[in-house]
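Encoded as structure tokens, the structure appears first; notes follow it.
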Amino acid sequence: MKKTTTMFLSLALAAAAMAQDKPAAPAAPANPVIISAGDVKITKSEFEDALKSLPPEYQQYAQGAGKRQFAEDYLRMKMLATRGMAEGLANDPDVQQQLKLMRENLVANAELKKIDAGIKISDADLKKLYDASAKDYEQVKASHILIAFKGSPAAQPGKPELTEEQAKAKAEDIRKQLVAGADFAEMAKKESDDTGSGSRGGDLGEFGHGQMVPEFEQAAFAAKPGDITPVVRTQYGYHILKVESKGATPFEQVKPTLEKRERQKRLQETLDAFKSSAKPTFDDKYFPAPAPPPSAAATTPPPAKP
């Protein structure tokens, strides 16, 4: 948790900068000192405020298993800050500049939170987004039987290796048996080289777009419930799919994701408009245009000599 200490020091220095402009609040009743070392006294409320100021990725650790370690780090920072203040380091030009930057960063983050809080997204807005991208939330429940060919990642050790032609012929034969009434689950258990789903009768459960290789996905979503698809080739071998059912992820389930995505989009648009309205300019001499990417000829090594 070394990063915690670094984050904390920045936090404390920023807090010190802010404290120069407003009087300290009076100590609340029943606010005991929970850490002390010499002249340094840390109250419960101060410590808990520091915990809350940490980034989310550190808060859970610092409020749980790492609470004592965080207290050690915080005490060390307070002791160093107290000593530095006594030595007049708060007036050092470099420290003053960093305090200024930290202060501006804190105020900027507060303004960002204010803008974000002002963004209102209704359920109706989210439902429109959901309906506009309904295809993204389609789900298929399917089973499959895989016949792997030589070199496939799914080829099973100890089983006879099949050429692509042999694997395809075997898959076609299995499909004929299935269409004629053979039990899909039993055939999957017996023949499928996908041993994981094969042990479940070929059951893959539900999946959405982007979760399967493209050829497999296309066949699954094109089929109707109850269909046994034509043989499909992927990098893993030849598949026979049986679509059990089709549906969609419910709106309520994807609503939080939709809201987060839309909020980020609107916030970015607000920030872009804010910057654009200010018509920023940059000194081209100080900020030269980036160099073009190297050409293919420059990056391709010359052929080896015979």
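Once you know that position 94 of the sequence shown is 564 in the numbering used here, the rest is easy, because the numbers rise by one and skip nothing. Beta carbons are placed, not taken as given, at the ideal position from N, Cα and C, and that holds for glycine.
query, result
"Buried/exposed call for D519, threshold 16 Cβ in 10 Å", "exposed"
"C-alpha gap between F757 and S746, whole angstroms", "19 angstroms"
"Beta-carbon gap between K646 and I617 smaller than 7 angstroms", "no"
"Same chain only: Cβ atoms within 8 angstroms of V701, ignoring 5 sequence neighbours per side", "K638, A641, E642, R645, Y708, H709, I710"
"Option in I505, K725, E631, A500 with minimal Cα separation from G621", "E631"
"Cβ contact (3+ pairs, closer than 8 angstroms) linking the segment 534-547 and the segment 507-517", "yes"
"Any 3 or more C-beta pairs closer than 8 angstroms across the segment 562-578 and the segment 598-615", "no"
"Start-end ranges of the alpha helix (DSSP H) lying completely within the segment 501-541, minimum 4 residues", "514-523, 526-532"
"Environment of G680 [buried if 16+ CB atoms lie within 10 Å]", "exposed"
"Other residues of its chain near M488: CB distance less than 8 angstroms, five sequence neighbours each side excluded", "Residue confidence is low: M488 scores 45 on pLDDT, short of 50, so the model does not pin down where it sits. Its coordinate-derived value is still stated next. The answer, listed in chain order, is R573, L576."
"N- and C-terminal bounds of the beta strand (DSSP E) containing F686", "Where F686 is concerned, there is no enclosing beta strand (DSSP E), although the alpha helix (DSSP H) it sits in stretches over 684-692."
"Rounded Cβ spacing between A658 and G672 (contact assumed at less than 8 angstroms)", "3 angstroms"
"Straight-line gap, P762 to L596 (C-alpha atoms, nearest Å)", "41 angstroms"
"Whole-number beta carbon distance between P623 and Y706, since they are thought to touch under 8 angstroms", "6 angstroms"
"Top-ranked residue by Cα proximity to G696, from D664, V713, T633", "V713"
"Cβ pair count under 8 angstroms reaching 3, the segment 714-734 against the segment 597-604", "yes"
"Integer Cβ distance of G675 from K611, believed to fall under 8 angstroms", "7 angstroms"
"Spatially closest choice to P735 from E608, N561, D586, M682, by CA coordinates", "Going by the sequence as given, residue 735 is Lys instead of Pro. Among E608, N561, D586, M682, the Cα nearest to that of K735 belongs to D586."
"Cβ-based burial, M682 [other Cβ within 10 Å; buried from 16]", "buried"
"Counted within 10 angstroms of its Cβ, other Cβ atoms place L741 as buried (16 or more) or exposed", "exposed"
"Minimum length 4: unbroken alpha helix (DSSP H) runs contained in the segment 613-671", "634-649, 654-661, 665-668"
"Beta-carbon separation (whole angstroms), F540 vs A532, contact threshold 8 angstroms", "4 angstroms"
"Beta-carbon gap between I591 and E732 smaller than 7 angstroms", "yes"
"From G678, K694, A578, E661, residue whose alpha carbon lies closest to that of D606", "G678"
"Euclidean distance between Cα positions of T476 and A625", "Low local confidence applies: a pLDDT of 43 at T476 is under 50, so the model's placement there is unreliable, with the coordinate-based value given in what follows. Those two C-alpha atoms are separated by around 50 angstroms."
"Neighbourhood of S506 by C-beta, 8 angstroms cutoff - its chain only, sequence neighbours within 5 removed", "I512"
"Strand pairing of F677, partner residues [DSSP]", "V610"
"T704 beta carbon less than 7 angstroms from that of A689", "no"
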